[in-house]
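Notes follow once the structure below has been shown.
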Amino acid sequence: MKILYFAWLREKAGRAEETVDVPPGVATVGALIDWLKGQGEGHKAAFADPSLVRVAVNQEYVKLDHPVRRGDEVAFFPPVTGG
Amino acid sequence: MKILYFAWLREKAGRAEETVDVPPGVATVGALIDWLKGQGEGHKAAFADPSLVRVAVNQEYVKLDHPVRRGDEVAFFPPVTGG
Amino acid sequence: MIRVQREDFDIGAEIAALTAGKRAIGGVCTFVGLVREIAGDRAISAMTLEHYPAMTAKELERIEAEARTRWPLEATLIVHRYGRLEPGDRIVLVIAASAHREAAFEACHFLIDFLKTKAPFWKREEGSEGGTWVDARAADDTATRRWTRKTERPQRKRRHAAE
Amino acid sequence: MIRVQREDFDIGAEIAALTAGKRAIGGVCTFVGLVREIAGDRAISAMTLEHYPAMTAKELERIEAEARTRWPLEATLIVHRYGRLEPGDRIVLVIAASAHREAAFEACHFLIDFLKTKAPFWKREEGSEGGTWVDARAADDTATRRWTRKTERPQRKRRHAAE
């Protein structure tokens, strides 16, 4: 599963992307976040306030209960500020 | 008093402008229109439907009861269609 | 700033000149009116715009000044052409620039709505069956009345709250 | 049409290219966003726009397609820049062209409102005290919610009646 981080989530996580092998029980975005938080201090800091985190699976906005599967591209980022 | 005509009022009146000496009783825009209607067939045609005529005195929109004086510039035209 | 001219205008150059050095501007809203080839169900080959020069300048300045009392604007421009124009030609340019996009949009919209019902221009369209003076549209009056301050619309409050 | 690019754009050239030969267009509404030198009460020396390329294109296309289902548009364009920008630089260009000005204004406004809350761009501002990621504005969410179809506003009906 490919994980992408943008803006300050990228800075806190200390990486722009990573490829992870998640345990079988991690089947939703919410579960993935909980699992990632256990992967290091940077990850923990990035997800410290989940209300500030937006998620896209395969480039589509999704909610925390959205399923994640092997092969998905999952992106985490703050609310957008373009325009 | 200088009278200006624009668009189809100009075409109907057969002139773009004229300088007129109005009798002393002609003291408002409404009275001026009534007087002009007596000045020829073109004028009569131009003012046939007063609801289609807009008036400006000295380049300001006015209503029929607005006073007119010697030296004024009085313009008659249809509702505007620019932009 | 207002200008009434026979010549065409360059939109990009106008925006650049108007906003140059004004670093408080965050949003620029621009409206350009073009000559359509169809009016109602009639094909148009050309159009002639007549106007009342002494009054046109006054009215455009009045409309612009009114917009600047209503919104916090950093810059405004109205350029209106007169004379003979063909389909695809530019007729009018309105630009409103502000720190915030809502003010830019509203002011630009206001300027063109008011211009359409207040500025003394008249269009004569030429088609295969000769020329016709364009009738004023009731929709333009309705559009202008939207901006009347006395009948404050719920929408206007909502928009300002969103700023 | 959408484009995401590092380079600047030429507003006049973009409008001309977009509208060329489309003689049904009567009104073109354009919005340009510029980098301000002040954000809140903080002086900005530069800004860096990061984005999520694969998703940005998809989102902008989705937003554009949605506008085209809502209004009768002859042409639309969104150009958004990324990378390092300075005060006065252009960030984003939105153009909506229609036979009628109301549709052009509304669609252009809708496009920028949606882009601001949906397109995956993030601004990092540089000032004298270092860089800061810009916070999303609640006002932008409010602006986007205005366009929600379920809560039809009286204003939207009134506007359409004016067309």
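So the protein lines, in turn, are chains A, B, C and D. By numbering that gives the first Met the number 0, the letter at position 59 of the first sequence is numbered 58, and the numbering carries on one by one without gaps. By numbering that gives the first Met the number 0, the letter at position 25 of the second sequence is numbered 24, and the numbering carries on one by one without gaps. By numbering that gives the first Met the number 0, the letter at position 79 of the third sequence is numbered 78, and the numbering carries on one by one without gaps. By numbering that gives the first Met the number 0, the letter at position 71 of the fourth sequence is numbered 70, and the numbering carries on one by one without gaps. Where is the CB? At the ideal position from N, CA and C, for every residue including glycine.
Between C:G39, C:V31, C:E60, C:E124, which has its C-alpha nearest V91 (chain C)'s C-alpha?
In this structure, C:V31 is the residue among C:G39, C:V31, C:E60, C:E124 with its C-alpha nearest to the C-alpha of V91 (chain C).
Meets three-Cβ-pair contact criterion under 8 angstroms: the region 73-87 of chain C and the region 53-64 of chain C
Yes, the region 73-87 of chain C touches the region 53-64 of chain C.
Do L114 (chain D) and V133 (chain D) come within 9 angstroms of each other at the CB atom, strictly closer than that value?
Cβ atoms of V133 (chain D) and L114 (chain D): not closer than 9 angstroms.
Start-to-end residues for the alpha helix (DSSP H) that takes in W34 (chain A):
Here the alpha helix (DSSP H) through W34 (chain A) covers 28-36.
Along the beta strand (DSSP E) that carries K117 (chain D), what are the first and last residues, could you check?
Not the beta strand (DSSP E): K117 (chain D) falls in the alpha helix (DSSP H), residues 100-117.
Cα separation between S127 (chain C) and R123 (chain D)?
Annotation: S127 (chain C) to R123 (chain D) spans about 58 angstroms, alpha carbon to alpha carbon.
What is the DSSP secondary structure of S50 (chain A), reduced to helix, strand or coil?
Three-state DSSP puts S50 (chain A) in a helix.
Minimum Cβ-Cβ distance from P119 (chain C) to chain B less than 9 angstroms
When Cβ-Cβ separations below 9 angstroms define contact, P119 (chain C) makes contact with chain B.
Answer with yes or no whether the minimum CB distance from G25 (chain D) to chain A is below 9 angstroms.
Among the CB atoms of chain A, none fall inside 9 angstroms of the CB of G25 (chain D).
Output needed in chain order: residues of the region 0-14 of chain B with a Cβ under 9 angstroms from some Cβ in chain C.
The region 0-14 of chain B vs chain C, Cβ under 9 angstroms: L3, F5, A6, W7, R9, E10.
Inter-stretch contact at 8 angstroms, needing at least 3 Cβ pairs: the region 31-40 of chain D / the region 13-30 of chain C:
Contact between the region 31-40 of chain D and the region 13-30 of chain C is present, with at least three C-beta pairs closer than 8 angstroms.
So, at 8 angstroms on beta carbons, what are the nonlocal neighbours of R157 (chain C) in its own chain, with the 5 sequence-adjacent residues on each side left out?
Here R157 (chain C) scores only 37 on pLDDT, less than 50, and its place in the model is too uncertain to base an answer on.
Which parts of the region 14-83 of chain C are runs of the beta strand (DSSP E), unbroken and 3 residues or longer, counting only runs that do not cross its ends?
Fully enclosed beta strand (DSSP E) runs of 3 or longer: 26-33, 45-50, 72-80.
Chain D within 9 angstroms of Q58 (chain A), Cβ atoms only:
Interface residue, yes.
Beta-carbon separation (whole angstroms), K117 (chain D) vs E58 (chain D), contact threshold 8 angstroms
Going by Cβ atoms, the distance from K117 (chain D) to E58 (chain D) rounds to 5 angstroms, so yes, they are a contact pair.
Excluding sequence positions up to five away, which residues of its chain have a Cβ less than 6 angstroms from the Cβ of T18 (chain B)?
Only K1 meet the Cβ criterion.
Mind checking T147 (chain D): buried by the 16 CB within 10 Å criterion, or exposed?
Exposed, because fewer than 16 other Cβ atoms sit within 10 Å of the Cβ of T147 (chain D).
Same chain, Cβ closer than 7 angstroms to F46 (chain B), five either side skipped, listed in chain order
Within the same chain, F46 (chain B) has close Cβ partners I32, L35, K36, V52.
What is the C-beta distance between Y51 (chain D) and L3 (chain A), in whole angstroms, given that I count them as a contact (C-beta under 8 angstroms)?
That pair is a contact at about 7 angstroms.
At what residues does the alpha helix (DSSP H) containing E40 (chain B) begin and finish?
Residues 40-45.
Comparing C-alpha positions only, which one of D:A45, D:R83, D:W121 sits nearest to A135 (chain D)?
Nearest of D:A45, D:R83, D:W121 to A135 (chain D), Cα basis: D:W121.
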